[in-house]
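See below for the structure under consideration.
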Amino acid sequence: MSLDNLNPNQKKAVEYNGKHLLVLAGAGTGKTHTIISRAAYLINNGIDPTQIQILSFTKKSAKEIVWRVSNISTNSQIKRLNGSTFHSWCMDLIKSNPNIFSHSDFTIIDRDDQISIFKLIYGRSKQSIDTVKLTPKILLEIYSFARNTRSNITESIRKLIFLGKKDEDTNNEIKKHLPFLIEIFTKYQNRKIERKYLDYDDILDVVATGLSKNKEARDYISSKYKYILVDEMQDTNPLQWELLMCFQENCNLFCVGDDAQSIYAFRGADFRNVHLWKERMPNSEVFKLEDNYRSTQEILDLSNWLLNTSELQYNKNLKAIRGSGKIPIIMNFTNPYDEAEWIVKDIIDNRLKDNTPYKEHLILTRSAFGCRNIEAELLSKKIPYIFFGGTSLFKSAHIRDVLSCLRIIDNIYDEIAWMRYLQLWDNIGDITATKIVDEMLNYRTLEECINGLKNEPIKNNNLYLTLENISEFKHDPAQAITNCLKYMEDILAKNYKNNWDKRKNDFTVLSLLAKKHTSISEFISEYILNPQLEESITEGGDNEDKIILSTIHSAKGLEAKICYVINVSIGVFPNKVSILGGKDDIEEERRVLYVALTRAKDELYITRNINTIFDNSNINLNENNEEGKDDYYFLSGLKDNLAENVYDEKTKNILESSTYRGEKINENIIGIEMS
DNA sequence: TTGCGATCCATTTTT
DNA sequence: TGGATCGCAA
Numbered sequence: 008m009s010l011d012n013l014n015p016n017q018k019k020a021v022e023y024n025g026k027h028l029l030v031l032a033g034a035g036t037g038k039t040h041t042i043i044s045r046a047a048y049l050i051n052n053g054i055d056p057t058q059i060q061i062l063s064f065t066k067k068s069a070k071e072i073v074w075r076v077s078n079i080s081t082n083s084q085i086k087r088l089n090g091s092t093f094h095s096w097c098m099d100l101i102k103s104n105p106n107i108f109s110h111s112d113f114t115i116i117d118r119d120d121q122i123s124i125f126k127l128i129y130g131r132s133k134q135s136i137d138t139v140k141l142t143p144k145i146l147l148e149i150y151s152f153a154r155n156t157r158s159n160i161t162e163s164i165r166k167l168i169f170l171g172k173k174d175e176d177t178n179n180e181i182k183k184h185l186p187f188l189i190e191i192f193t194k195y196q197n198r199k200i201e202r203k204y205l206d207y208d209d210i211l212d213v214v215a216t217g218l219s220k221n222k223e224a225r226d227y228i229s230s231k232y233k234y235i236l237v238d239e240m241q242d243t244n245p246l247q248w249e250l251l252m253c254f255q256e257n258c259n260l261f262c263v264g265d266d267a268q269s270i271y272a273f274r275g276a277d278f279r280n281v282h283l284w285k286e287r288m289p290n291s292e293v294f295k296l297e298d299n300y301r302s303t304q305e306i307l308d309l310s311n312w313l314l315n316t317s318e319l320q321y322n323k324n325l326k327a328i329r330g331s332g333k334i335p336i337i338m339n340f341t342n343p344y345d346e347a348e349w350i351v352k353d354i355i356d357n358r359l360k361d362n363t364p365y366k367e368h369l370i371l372t373r374s375a376f377g378c379r380n381i382e383a384e385l386l387s388k389k390i391p392y393i394f395f396g397g398t399s400l401f402k403s404a405h406i407r408d409v410l411s412c413l414r415i416i417d418n419i420y421d422e423i424a425w426m427r428y429l430q431l432w433d434n435i436g437d438i439t440a441t442k443i444v445d446e447m448l449n450y451r452t453l454e455e456c457i458n459g460l461k462n463e464p465i466k467n468n469n470l471y472l473t474l475e476n477i478s479e480f481k482h483d484p485a486q487a488i489t490n491c492l493k494y495m496e497d498i499l500a501k502n503y504k505n506n507w508d509k510r511k512n513d514f515t516v517l518s519l520l521a522k523k524h525t526s527i528s529e530f531i532s533e534y535i536l537n538p539q540l541e542e543s544i545t546e547g548g549d550n551e552d553k554i555i556l557s558t559i560h561s562a563k564g565l566e567a568k569i570c571y572v573i574n575v576s577i578g579v580f581p582n583k584v585s586i587l588g589g590k591d592d593i594e595e596e597r598r599v600l601y602v603a604l605t606r607a608k609d610e611l612y613i614t615r616n617i618n619t620i621f622d623n624s625n626i627n628l629n630e631n632n633e634e635g636k637d638d639y640y641f642l643s644g645l646k647d648n649l650a651e652n653v654y655d656e657k658t659k660n661i662l663e664s665s666t667y668r669g670e671k672i673n674e675n676i677i678g679i680e681m682s
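For what it's worth, the numbering used here labels the leading residue of the first sequence as 8, then goes sequentially.
What follows is the structure in C-alpha cells.
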C-alpha cells in the first residue's frame with residue numbers, strides 16, 4: 008500500500024507512533040480514508056490484524072471500513088481484521104469470556120421488547136411528572152439515558168422532563184416521584200435477571216463496568232489488542248468512554264471525529280469526549296484535518312460562518328481543495344407545496360439539461376415527516392427515490408406481530424413474544440394475555456403449551472393452529488413466515504383494516520430475507536442486532552438511479568453534487584423544542600444544520616417557508632439584527648455575500664404587501680362605540 | 001375487560 | 001398522514 012494519496016496531515020496521523028491520538032477531522036476532510044489508511048498502515052508494518060479492533064456505530068460503516076482496508080492492503084492476513092459496532096464487540100467479549108463475564112445463554116432484547124416489559128410492570132397506572140405523562144416509552148428513555156450518560160435517575164428526569172432546569176421546585180418535583188420510578192426500574196431489572204435478558208445498554212455496561220472494576224480482567228482482555236480505532240468519536244457517550252478507558256493502559260487508541268458534527272446528545276452522546284480529549288486522556292495528542300475535498304469554497308464559507316456565529320469555539324475553518332464554485336442559494340416559499348414542487352422540478356430540469364443523474368441530488372430534512380410533501384410530489388411525478396431515516400420495516404407493527412409467533416417457536420419462555428402474540432386475537436387484551444402467559448411459562452415444551460391453549464376459552468382456533476403448524480419449520484424461517492401468514496392473515500387483515508393491502512406486501516420482503524437463514528433462531532437473533540434490511544433490499548435489487556431523501560441524522564457520510572436542505576425556517580432551525588431546552592440543545596441544532604450544509608459538493612440550496620418567518624416578525628432575514636433578536640434563527644444576520652436570497656412571485660408579493668410604510672394607527676378601540 | 005371510534009399530536013435514532 | 005392514546009359502550 009502506498010500512502011501517497013494522503014495529504015501531509017493525514018499522513019502524519021496515519022503514521023502516528025505516540026500512544027493515543029484524536030484526529031479532529033472536519034466534514035469532508037477524509038476522515039474515513041484516514042482511519043482506513045491507519046489500519047492498513049499498521050498491518051503492513053507487521054501488526055497482527057487480530058490485535059486491531061475497529062469500532063464504529065453502525066454495522067454498515069464497520070463493514071465498509073474493513074472492506075476498504077482489504078482493498079488497499081495486499082497482506083493476506085487482512086481477513087482477520089475485526090471491525091464491529093460497540094455493541095457487537097462487547098457481545099463477542101461477553102460470549103467468548105464466560106469465565107470473566109458471568110452471563111451465558113442470555114437473550115438480547117431490543118427497544119420494543121424493553122417497552123413491552125415496562126408495559127407489563129407499569130400496568131394501567133397513570134402518573135405524570137409535571138405536564139409529562141409517564142408512559143412505558145418515556146420510562147425507558149429515562150432509564151436508558153441515565154445509563155448511557157452514567158448518571159442517575161434524578162439527572163435523567165431533569166434532562167428529559169424538565170429540560171435541564173435546576174431550581175428548587177424542580178428538585179422537589181423530582182424527589183416526589185423518585186420512589187415510584189425507582190420501584191419500576193428495580194422491577195424491570197429484576198425481571199431481566201430472572202429471564203436472562205440483556206438490553207442494548209446492558210451489553211456495553213456488563214463489559215465497561217466489569218472491566219473497570221477488575222484490573223486482572225481488564226489486563227487480560229486488553230492485552231489481546233494493541234490498537235483500537237474508533238470512528239465517529241463525537242457520537243460516543245460516557246458509557247462508551249468508560250469502556251474505551253479500560254483499554255487505555257495497554258492499547259493505543261486512535262479516534263477520529265468532529266465535534267462540530269456531534270448531533271446525538273439526545274441519546275447520551277457527549278461531544279466533550281472529543282472537546283476535552285487532551286485533558287481527559289493521558290498520553291494523548293490531537294491532530295486536525297481541515298482540507299476539505301468534498302465541497303466548493305462557497306459552501307464551506309457558509310458552513311464556517313454558521314459555526315463562527317456560535318458562542319462555542321469550534322475552531323473550524325474548512326478550506327476547499329477544489330476551489331471556488333457557485334454561491335449557495337436560499338429559496339423562499341409561502342408554503343411547503345410550492346417548495347416541494349420547485350425542488351422536484353429543479354431536479355428534473357437538471358437531469359434533462361445537464362444529465363445530472365437523480366442520485367446526485369440529496370434532499371435533507373430535519374424531521375422524517377417534514378418531507379411528506381416532497382415524497383408526495385415525487386410519487387405523483389413517478390420519480391424514483393430512496394428514503395433514509397425514520398422507522399425501519401422491522402419495527403412496524405405487523406412485522407413484529409408475525410415475528411412474535413416465530414419467537415415463541417424459538418423460545419417458549421419468551422413472555423414478551425407471548426404477550427404480543429396473544430393480544431393479536433379477538434377477546435384477548437392485556438389482562439387475559441397475562442393470565443395465559445403465566446400458565447404458559449409453567450410448561451416445558453411447545454406441545455404442552457399448545458395443549459394448554461386448547462383448553463383456554465379461545466374464540467379463534469387459529470391461535471394455536473398457527474403455532475402447531477409453524478413448529479415444523481424451525482429450520483425454514485421463510486416457510487414459517489409464509490405459513491404464519493396463512494393462518495394469521497384474517498386476523499391481521501382485521502387488525503390493520505385501513506391499510507392491510509400495503510402492509511401485506513412487506514411479508515414478501517420479510518420471507519425473502521429469512522431465506523438467507525437456516526433456522527428461526529438464527530434469523531431472529533440476527534434481526535434483533537441488525538434490523539437494517541432496507542440496505543439489503545436496495546443492495547440486492549434495483550441499482551437504479553434514485554433521488555436520495557434523508558433525515559439529516561441519517562445523512563452522515565452521505566454527499567451529493569446538488570443538495571437541498573429543506574424547510575430551514577424559523578422554529579425549525581433551531582427547532583422549537585430545542586429552544587425550550589436551552590443553550591446546549593440549540594447548539595446541537597446548529598451542528599445538525601452544519602452537517603446538512605457540508606453534504607453538498609457543487610450546489611447548495613436552502614429552502615424555507617417565509618410564513619413562519621413572519622410569524623416571528625422581529626427577526627430580519629438579511630441584515631444584522633439588534634443584539635439579542637437573532638438568537639432563535641440561525642440564518643438571521645446572514646450577509647448577501649455568503650448566500651443569495653431568491654424569492655418566487657408569491658413570496659415577492661407577500662414581502663411587498665407586508666411592508667407597511669404608512670403611519671401607525673393609534674386607535675385602540677375595536678367594536679361599536681359606546682355612548 | 002375488551003374493542004371501537006374519536007381525538008390529538010407530532011424532533012432527531014443506533015444498537 | 002399515521003400513530004398512539006383516551007373515553008365510553010358493550
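Ideal Cβ placement from N, Cα and C applies to all residues, glycine included.
C-alpha gap between residue i and residue j, whole angstroms
| i | j | result |
| --- | --- | --- |
| Phe376 | Pro343 | 12 Å |
| Asn12 | Thr81 | 17 Å |
| Glu190 | Gly130 | 13 Å |
| Asn469 | Ile477 | 12 Å |
| Leu188 | Val139 | 14 Å |
| Asp112 | Cys97 | 15 Å |
| Lys173 | Glu162 | 10 Å |
| Phe689 | Leu260 | The shown model of the chain, from 8 to 682, leaves out residue 689, and the question about it has no answer. |
| Leu371 | Leu296 | 25 Å |
| Gly566 | Glu596 | Note on identity: in this sequence residue 566 is Glu, with Gly being the wrong assignment. Between Glu566 and Glu596, the C-alpha separation is close to 20 Å. |
| Leu31 | Pro15 | 15 Å |
| Glu382 | Leu313 | 29 Å |
| His482 | Asp265 | 46 Å |
| Lys568 | Gly396 | 20 Å |
| Lys19 | Cys262 | 14 Å |
| Gly330 | Val602 | 20 Å |
Integer Cβ distance of residue i from residue j, believed to fall under 8 Å
| i | j | result |
| --- | --- | --- |
| Arg598 | Ser269 | 6 Å |
| Val444 | Trp425 | 5 Å |
| Arg165 | Ile149 | About 10 Å separates the two Cβ atoms, so there is no contact after all. |
| Asn208 | Lys199 | The sequence shown places Asp at residue 208, rather than the Asn named in the question. Incorrect: roughly 11 Å between the Cβ atoms, too far for contact. |
| Ile115 | Ile415 | That belief does not hold up - the Cβ atoms of Ile115 and Ile415 are roughly 17 Å apart, past 8 Å. |
| Glu367 | Lys333 | Actually they do not touch by this definition, with Cβ atoms about 14 Å apart. |
| Leu211 | Leu246 | 5 Å |
| Ser123 | Ile527 | No, Ser123 and Ile527 are not in contact; Cβ-Cβ is about 20 Å, not under 8 Å. |
Three-state class that DSSP yields for residue i in the structure shown
| i | result |
| --- | --- |
| Glu541 | Only weak support is given to the placement of Glu541: the predicted model assigns it a pLDDT of 47, under 50, and the question is left unresolved by the model. |
| Ser742 | For the chain, the structure presents residues 8 to 682; residue 742 sits outside this window and is missing. |
| Glu297 | coil |
| Gly264 | strand |
| Asn625 | Low confidence applies to Asn625: its pLDDT is 37, below 50, so where it sits in the model is not reliable, and the reading given next is rough at best. Asn625: coil per DSSP, three-state reduction. |
| Ile115 | strand |
| Cys570 | strand |
| Lys389 | coil |
| Asp206 | strand |
| Arg157 | coil |
| Leu62 | strand |
| Asn14 | coil |
| His27 | strand |
| Glu249 | helix |
Residue range of the alpha helix (DSSP H) that includes residue i
| i | result |
| --- | --- |
| Lys194 | Glu175 to Arg202 |
| Gly588 | Lys583 to Gly588 |
| Ala69 | Lys66 to Ile79 |
| Cys491 | Pro484 to Asn502 |
| Gly459 | Leu453 to Lys461 |
| His368 | First-last for His368: His368 to Thr372, but that is the beta strand (DSSP E), not the alpha helix (DSSP H). |
Unbroken beta strand (DSSP E) run spanning residue i, endpoints
| i | result |
| --- | --- |
| Phe340 | Ile336 to Phe340 |
Taking one C-beta from the segment 365-379 and one from the segment 553-561 each time, how about it: are there three or more such pairs within less than 8 Å?
yes
Quick check: the segment 72-90 against the segment 117-127, are there 3 or more CB pairs under 8 Å?
These segments do not touch.
Kindly confirm or deny that the segment 60-79 and the segment 226-241 touch, where touching means at least three C-beta pairs closer than 8 Å.
yes
Does the segment 323-334 come close enough to the segment 351-360 that 3 or more CB-CB pairs lie under 8 Å?
no
Is it true that the segment 300-314 meets the segment 644-653, where meeting means three or more beta-carbon pairs spaced less than 8 Å apart?
yes
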